[in-house]
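J.:
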Amino acid sequence: MDCPKHLGYCLHVPNSKTENHSQHPDTVSLEIVAQGQEKFIALWGDMGARWGVPRSMTELHAMLYIVGEPMNTDEIMKKLSISRGNASMTLRTLLDWGIVTRTHKRDDRKDYYTAEQDVWKLFSTVARARKRRELEPLASTLEALTNTLKGTDTSEVVAQRKRLESMLEFIVQFDGISERFLSMGGSSIEIFSKLLGTENPPQQ
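For the sequence shown, the numbering used here assigns the number 2 to the initial residue and increments by one for each residue that follows.
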């Protein structure tokens with residue numbers, strides 16, 4: 002049984018040498034899919050934790066992405082073994098980020114949730130959200146600090162102001178470049194690959 006430590010659930014996956022011969026092929030296929038989903042969710046959770054993103058958020062998003070079908074809050078809670086409060090708070094954050102959308106099913110009053118399936122849209126949405134929440138406030142703070150040092154011309158103040166101005170200039174330029182990169186859509190990947198000399202060689 003393969004049960005990622007970070008997840009509160011697991012599915013029994015048969016030993017191919019001892020059990021698969023007695024099971025229907027469709028059952029084995031479903032179990033293989035479930036095992037792959039669990040590993041992907043755990044991998045996404047580990048990656049998010051390294052980036053400083055709450056594991057519950059990345060795992061919930063990963064589940065909605067890999068399942069590819071709308072899920073309601075009860076299903077999410079059962080699948081990830083999390084509380085309703087945790088599920089609701091995490092879904093609200095993912096909705097704010099724009100990488101999860103709310104939908105409904107006919108004759109069902111429950112809210113259902115789906116993850117963005119276009120990888121480029123997913124990447125650019127997350128990148129813009131991180132930029133808005135982290136890079137832009139940093140630039141504003143640096144600008145305010147720089148302004149407080151204007152009007153004083155001692156050598157120490159001038160040196161400090163120049164260091165802050167250099168950092169601010171870099172961040173502003175980086176912000177502009179990243180925004181242009183994101184605005185170009187998927188074609189920016191091809192252009193970037195050509196600049197690095199990593200484009201796919203022509204077929205012979």
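All C-beta atoms, glycine included, are put in the ideal place defined by N, C-alpha and C.
1) I'd like the ranges of any beta strand (DSSP E) spanning at least 3 consecutive residues and lying wholly in the stretch 61–114.
2) Taking the C-alpha atoms as reference points, what is the distance between Glu-76 and Val-120?
3) Would you check if the distance between the CB atom of Met-58 and the CB atom of Ile-42 is smaller than 7 Å?
4) Should Ser-125 go down as buried or exposed, given a rule of 16 or more other Cβ atoms within 10 Å for buried?
5) Check the DSSP bridge columns for Ala-116 and list the partner residues they point to.
6) Considering only residues of the same chain and omitting the five flanking positions on each side of Glu-117, which have a CB-CB separation below 6 Å?
7) In this structure, how does DSSP classify Met-185 when only helix, strand and coil are distinguished?
8) What is the DSSP secondary structure of Asp-47, counted as helix, strand or coil?
9) Please report the straight-line C-alpha distance between Leu-81 and Ala-128, rounded to a whole angstrom.
10) Does the distance from the C-beta atom of Pro-71 to that of Thr-94 stay below 7 Å?
11) Nearest-angstrom Cα distance between Ala-50 and Leu-61?
12) DSSP state of Asp-154, grouped into three classes?
13) I'd like the span of the alpha helix (DSSP H) that includes Pro-138, first residue to last.
14) Report the three-state DSSP secondary structure of Gly-37 (helix, strand or coil).
15) Where does Val-159 fall in DSSP's three states?
16) For Val-29, does the three-state DSSP call read helix, strand or coil?
17) Taking the alpha-carbon positions, what's the Leu-12 to Phe-175 distance?
T.: According to the structure shown:
1) 101–106
2) 24 Å
3) no
4) buried
5) Val-101
6) Ile-100 and Leu-123
7) coil
8) helix
9) 26 Å
10) no
11) 13 Å
12) coil
13) 137–149
14) helix
15) helix
16) helix
17) Confidence at Leu-12 is low in this model, with a pLDDT of 46, below 50, so its placement is unreliable and the value that follows should be read with caution. Computed Cα separation, rounded: 45 Å.
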